[in-house]
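Below is one structure; the comments refer to it alone.
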Amino acid sequence: MKKILSLVLALALVLSCFCVASADDVKTYKVGVSIYQYTDNFMTLYRNEIEAYFKTLETDTVKYEITMADGKNDMAEQTNQVQNFITQGMDVIILNLVQTSSADAVIDQIVAAGIPLVLINREPLAYDADGNTIDEAYEGILDNATVCYVGADARQSGTYQGQMVADLDNHGDINGDGKISYIMIEGDPENIDAQYRTEFSIKALTDAGYEVECLDDQVGNWDQTKGQELCANALAKYGDKIEVVFCNNDGMALGAATAITAAGRTVGEDIYLLGVDALDECVEMVKAGEMTGTVLNDHIGQSHTAVDVAVKLLNGEAIDNYYWVNYVMVNKAYVDAQ
Ligand code: GAL
Numbered sequence: 003m004k005k006i007l008s009l010v011l012a013l014a015l016v017l018s019c020f021c022v023a024s025a026d027d028v029k030t031y032k033v034g035v036s037i038y039q040y041t042d043n044f045m046t047l048y049r050n051e052i053e054a055y056f057k058t059l060e061t062d063t064v065k066y067e068i069t070m071a072d073g074k075n076d077m078a079e080q081t082n083q084v085q086n087f088i089t090q091g092m093d094v095i096i097l098n099l100v101q102t103s104s105a106d107a108v109i110d111q112i113v114a115a116g117i118p119l120v121l122i123n124r125e126p127l128a129y130d131a132d133g134n135t136i137d138e139a140y141e142g143i144l145d146n147a148t149v150c151y152v153g154a155d156a157r158q159s160g161t162y163q164g165q166m167v168a169d170l171d172n173h174g175d176i177n178g179d180g181k182i183s184y185i186m187i188e189g190d191p192e193n194i195d196a197q198y199r200t201e202f203s204i205k206a207l208t209d210a211g212y213e214v215e216c217l218d219d220q221v222g223n224w225d226q227t228k229g230q231e232l233c234a235n236a237l238a239k240y241g242d243k244i245e246v247v248f249c250n251n252d253g254m255a256l257g258a259a260t261a262i263t264a265a266g267r268t269v270g271e272d273i274y275l276l277g278v279d280a281l282d283e284c285v286e287m288v289k290a291g292e293m294t295g296t297v298l299n300d301h302i303g304q305s306h307t308a309v310d311v312a313v314k315l316l317n318g319e320a321i322d323n324y325y326w327v328n329y330v331m332v333n334k335a336y337v338d339a340q
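Read in this note's numbering, the sequence shown has 214 at position 212, and its numbers run on one by one without any break.
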């Protein structure tokens with residue numbers, strides 16, 4: 003009996019040592035993530051993938067505790083969230099800014115708190131001494147070894163949109179009057195993505211030697227309902243004159259598609275429709291000929307890059323200041339080849 007008792011005690015001792023040791027060995031990193039707005043279609047895919055990918059990187063000894071916050075498209079709200087992240091002692095912050103014009107203030111606070119920062123999706127714009135934006139890297143990112151930006155160059159996505167129209171047999175000139183008459187539905191004009199896609203989709207056409215006519219250019223703030231409303235208004239006003247509908251993203255293109263159908267028009271026959279993001283629904287529509295084309299905005303590549311670089315920062319490794327993920331043209335030829 004004594005023997006059994008001492009054996010049990012010895013076993014308990016060994017087990018307790020083992021448990022204490024393993025608990026000590028587990029490192030849990032606190033990650034604060036704030037997304038500019040949860041209702042955004044594309045950023046929903048992106049944020050879900052951030053969480054899912056962090057999970058795949060967990061081991062027996064490394065865990066990630068993620069606190070995700072909805073910026074509700076309100077910079078004051080997001081600033082509060084950042085302050086809470088600092089107070090809660092986050093080990094790293096991943097931030098999709100509501101307003102890139104607030105980047106300096108936010109970066110300063112986070113850097114002062116000694117927390118590394120990964121900015122995603124909304125690239126802060128560099129500006130000159132007069133406050134005008136310039137096409138250069140952002141000093142607040144370049145000057146800080148623990149701050150970086152992960153994104154995609156929106157010039158590429160805009161160019162692909164224009165090229166998909168140029169590649170059509172009639173080059174988007176359905177009525178044969180020698181010019182491509184289009185409407186543009188823009189995302190939030192403060193975002194470089196909206197600015198570049200608007201500019202470079204058209205530049206691709208004019209660079210290729212085509213004449214263009216802008217019938218209407220309105221701001222839909224990346225939003226599906228707004229896209230539908232703006233497209234319906236334009237169709238009511240300009241009717242058959244509209245040959246191409248350019249939308250800065252797929253959310254608004256989905257709305258535009260509803261308006262196009264309601265107006266009795268048919269994509270691929272008497273009108274063309276372009277978006278960006280390659281949401282699953284839109285890829286299906288391209289396949290079915292219900293959308294002329296979209297551009298893959300690689301949320302998997304971007305979220306994984308953002309998480310990988312966050313992990314590097316947690317490990318104290320050196321990082322680059324900028325990470326770029328490529329866009330991919332998604333037209334009928336592309337989906338048929340998949
Ligand atoms: C873009 C994306 C849009 C929207 C926007 C938010 O890259 O194409 O759908 O998510 O980011 O800033």
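All C-beta atoms, glycine included, are put in the ideal place defined by N, C-alpha and C.
Remember, predicted model here, so these are calculated numbers, not experimental data.
- Residue pairing by DSSP places N333 opposite G295 in a beta bridge.
- Distance from the CA atom of D195 to the CA atom of N123, rounded to whole angstroms, is 9 Å.
- Annotation: the region 95-173 contains the following complete segments of the alpha helix (DSSP H) (minimum length 4 residues), in chain order: 105-114, 141-144 and 156-168.
- Counted as a single uninterrupted DSSP element, the alpha helix (DSSP H) harbouring G253 occupies residues D252 to A264.
- Scanning its chain for C-beta atoms nearer than 7 Å, with the 5 sequence neighbours on each side dropped, one finds around V288 the residues G295, T296, V332, N333, K334 and V337, in chain order.
- Under the DSSP definition of a beta bridge, M70 partners with V35.
- Take T260, set aside five residues on each side of it, and the residues of its chain with a beta-carbon closer than 7 Å to its own are Q230, in chain order.
- Less than 8 Å separates the beta-carbon of C216 from that of Y184.
- A buried status is given to D218, since no fewer than 16 other beta-carbon atoms sit within 10 Å of its beta-carbon.
- Residue pairing by DSSP places K29 opposite V64 in a beta bridge.
- Within the chosen limit of 7 Å, ligand 1 does not reach the beta carbon of N223 with any heavy atom.
- When the alpha-carbon of A238 is set against those of T263, E286, L97 and D322, the nearest one is in T263.
- Within the chosen limit of 7 Å, ligand 1 reaches the beta carbon of M45 through at least one heavy atom.
- Taking C-beta atoms as the reference points, N98 and Y38 count as a pair closer than 8 Å.
- Distances from the alpha-carbon of K74 to those of A54, V285 and Q101 put Q101 closest.
- Setting aside the 5 residues that flank it on each side, L119 is surrounded in the same chain by I95, I112 and V149, each with a C-beta closer than 6 Å to its C-beta; the list follows chain order.
- A direct Cα-Cα distance of roughly 28 Å separates V221 from Q83.
- Annotation for N75 indicates a beta carbon at 7 Å or more from all heavy atoms of ligand 1.
- Within a 10 Å sphere around the beta-carbon of T63 sit fewer than 16 other beta-carbons, which makes this residue exposed.
- Taken from the Cβ of Y198, every heavy atom of ligand 1 lies 7 Å or farther away.
- A residue is called buried when at least 16 other Cβ atoms come within 10 angstroms of its Cβ; D190 meets this threshold and is buried.
- Taking the Cα positions, A265 is about 10 Å away from A258.
- Note: M186 is bridge-paired with D219 and F248 in the DSSP secondary-structure output.
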